[in-house]
Structures are given as C-alpha cells and as structure tokens.
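With the numbering used here, letter number 206 in the sequence shown gets 306, and the count goes up by one each step, no holes.
Where is the CB? At the ideal position from N, CA and C, for every residue including glycine.
Please read these numbers as outputs of a predicted model, since none were measured by experiment.
Below is one structure, written out as structure tokens; the observations come after it.
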Amino acid sequence: MYCSQCGKQIPDDSIFCRYCGTKVNVIEERKTENRYEVNDDEILLTYNPEFHGGYVIKKLIPLFIFFSIFFSFLISFIRGFLFVSGIFIESKTTSMYDQLPGFTHNSSPSSPFQHFFQFQNFLIGIFISFMLVIVFGYNITKKRYQHSVYQFYKDRMEYIDGYFNYNKKQVYYKNIQELSMSQSVFQRKYCIGSIRITTSGVTYSNNRAYSNGITIYDLGDIDTVYSELKRLNK
101 MYCSQCGKQI PDDSIFCRYC GTKVNVIEER KTENRYEVND DEILLTYNPE FHGGYVIKKL
161 IPLFIFFSIF FSFLISFIRG FLFVSGIFIE SKTTSMYDQL PGFTHNSSPS SPFQHFFQFQ
221 NFLIGIFISF MLVIVFGYNI TKKRYQHSVY QFYKDRMEYI DGYFNYNKKQ VYYKNIQELS
281 MSQSVFQRKY CIGSIRITTS GVTYSNNRAY SNGITIYDLG DIDTVYSELK RLNK
C-alpha cells in the first residue's frame with residue numbers, strides 16, 4: 101500500500117509510514133478486531149537527519165573565523181622569523197625580497213610593501229581555513245548525515261551515527277528517563293530540530309563514561325517526530 105501523506109510505498113502491515121511518520125488509517129480497525137500484532141523486529145519508524153548546506157555552513161563559520169586568525173598569525177610569525185634571520189646573513193646574492201618590485205633591502209620596516217605582506221598572510225590564512233573548514237568540513241558533515249539512520253521498533257531504537265567516528269547502539273524504551281526537543285534559531289529557519297533522549301544507562305569509551313543518552317540532530321518535521329517518539333515511549 102501507499103502512504104496517504106508522502107505517497108511512498110510501504111508494507112501492508114505498517115503502523116506508521118517509515119518515511120514521514122504518518123499514521124496508517126487502517127491501524128485502528130486492526131486493533132479493534134484484535135487481528136494485528138507488532139513484531140519485535142518490525143521497523144515502525146525510520147528517520148535520517150536532513151542535510152541543508154546553508155545551515156551547515158552557518159555552523160562552520162565560527163570555526164572558520166578562528167582558524168583564519170590562527171593561520172594568519174602562524175604564517176606571519178614564520179615568514180617574519182625567516183626574514184629577520186636573513187638580515188644577519190651577509191650574502192652577495194640578491195635576496196628574494198630584493199627581487200620583488202617596490203622593495204629593497206634598505207626599505208623601512210614600516211614600508212607599504214611590508215604591510216602588503218601582512219595582508220597577504222591574512223589572505224593565505226583565509227584560503228587555508230576555507231579549504232580545511234568549509235570545503236573539507238562541509239563534505240565530511242554531508243557524509244555523516246548520509247550514513248546516519250535511526251530506526252524505531254516496538255521495544256527499542258537502534259541507531260547508526262557518524263562517518264569517521266562510527267557509532268552503533270540500541271536503546272530500550274524502558275531505560276528512557278526523559279525525552280526533550282530543541283530548536284536553535286538556525287534550525288527554526290530550516291524547519292528542523294533535535295531530540296535529546298536521556299537514559300538510565302551510561303555509554304562508555306575507553307572505560308570512561310561520557311554520555312547518559314543520545315541526541316538526534318537535525319530532523320525534519322520535528323513536532324511530528326517528537327509526538328510519535330513520545331507515543332512509542334509510553
């Protein structure tokens with residue numbers, strides 16, 4: 101059969117559409133007739149985080165600014181150190197700076213050309229940061245979203261999260277202590293949100309506890325998803 105909301109084909113015995121979460125109309129009749137029983141291994145809901153390029157770039161901008169400043173200072177320090185070291189080397193050959201137009205060995209330390217070099221260092225820092233944070237970070241985030249899936253069963257949820265940092269885990273509803281929803285300013289603009297699932301158990305890594313639950317990031321139609329998860333958690 102097909103979902104009345106999104107039009108995608110779903111199994112005939114589905115309770116909810118695994119693509120959009122819409123309740124199947126015939127479920128209530130099946131319950132009334134006591135002819136339907138949900139299997140423990142039947143997937144009731146499946147969600148994937150929604151990828152929005154503009155939203156991801158907005159999240160990367162603070163990191164981009166930080167690395168731009170960092171690389172600018174680093175490059176300025178390295179080039180300044182090499183230049184100062186060259187002053188004490190007596191050589192009959194023309195330095196690379198003497199070969200550049202508008203600059204001589206006797207130029208004042210505050211010459212316009214040296215200011216250009218400082219500005220050039222800043223541009224190099226921006227370029228490196230752009231390639232590292234925006235281009236690389238954007239593509240890695242996209243890969244992580246594509247490889248993240250959250251599946252909900254009758255008694256538990258299973259999730260695979262991440263690309264480089266791969267995580268796979270089961271969370272049983274009986275261990276859930278709190279279910280909460282949140283939306284940042286940027287998330288509201290793109291109609292997405294996050295759901296925090298707090299559990300009684302603690303996740304360990306290298307014998308160190310670092311989490312007592314999971315956060316499902318950037319889900320579309322967040323109000324519907326939150327309502328369905330609360331219903332499953334009853």
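| Buried or exposed by the 16-neighbour rule on C-beta atoms within 10 Å, applied to Thr315 | exposed
| query | Going by alpha carbons, who is nearest to Ser248 out of Met281, Phe236, Leu319, Ile276? | reply | Leu319
| Who are the Cβ neighbours of Ile260 in its own chain at under 6 Å, not counting the five residues just before and after it? | Val249, Lys268
| said: Within 10 Å of its beta-carbon, does Gly153 have 16 or more other beta-carbons around it, so buried, or fewer, so exposed? | reply: exposed
| Which stretch, first to last residue, makes up the beta strand (DSSP E) that contains Tyr326? | It is not in any beta strand (DSSP E) - Tyr326 instead sits in the alpha helix (DSSP H) that spans 322-332.
| request: Assess, as a yes-or-no matter, whether the stretch 161-168 is touched by the stretch 265-285 under the definition of 3 or more beta carbon pairs within less than 8 Å. | output: no
| query | Should Ser313 and Thr324 be called a contact, given that it needs their Cβ atoms to be closer than 7 Å? | reply | The sequence given here has Gly at residue 313, not Ser. Contact: no.
| field | Simplified DSSP state of Asn221, which is helix, strand or coil | value | helix
| request: Determine the burial state of Leu182: buried for a count of at least 16 other Cβ atoms within 10 Å of its Cβ, exposed for fewer. | output: exposed
| Run of the alpha helix (DSSP H) containing Asn239, from where it starts to where it stops | 237-246
| query | Roughly how far, in whole angstroms, is the beta-carbon of Phe167 from the beta-carbon of Ser229, given that I think they are within contact range, below 8 Å? | reply | 4 Å
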